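For reference, the structure is listed below as structure tokens.
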Amino acid sequence: MLILLDTNVYLTAMRSEEGARSFERAFLPVVFRTYLSSIVAEELYAGALDAGAVRLVERYVGVLERAGRVVTPTFRDWKEAGKLVARITRKEPGRKPKIQQMVNDILLALSARRIGAHLFTFNRDDFELIHRHKTFSLKVLR
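When the count follows full-length UniProt numbering, it moves up by one through the sequence shown with no breaks and lands on 142 for the last residue.
See the structure below:
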């Protein structure tokens, strides 16, 4: 099965040597099944505030970009995301402020579903909320 990683998985790898080793142990063996979301690329670049951070982002993004393994939300994904935000808001109205801030996560989940990928994340709460309303293959890391 294909693999799609949430931004927080890359950030964990970028923040410490231990995180980098853990990332490489877990995901280097499956790099040929790994795709990069354009959403994740944007979030990584947005957080790269110095030259060293930009180089790290380039390292992770560049490999998958050069291999042509980038997935971008389609118009259909955007439509489905809007419908999903509305559905969750109707069913769980207390979560309205939170769910409206989760559009990138929803698009990531829908992209994973569309390409048939496992979505790996450390963000249990938000992705389990999405998963309750739309099935996709979710792998929560610890």
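Note that the Cβ used here is the ideal one computed from N, Cα and C, for glycine as well.
Source: prediction; values computed, not measured.
Contact between the stretch 65-73 and the stretch 17-37 is established, with three or more Cβ pairs separated by less than 8 Å. In the structure shown, residue 12 adopts helical secondary structure according to DSSP, grouped into three states. Looking from the CA of residue 74, the closest CA among 138, 115 and 23 belongs to 115. Between residue 57 and residue 6, the beta carbon gap of about 15 Å keeps them out of contact (Cβ cut-off 8 Å). In the structure shown, residue 109 adopts helical secondary structure according to DSSP, grouped into three states.
The DSSP-derived three-state label of residue 120 is strand.
Beta-bridge annotation (DSSP): residue 71 is paired with 37.
Following the DSSP letters along the chain, one finds residue 28 in no alpha helix (DSSP H), marked with neither H nor E.
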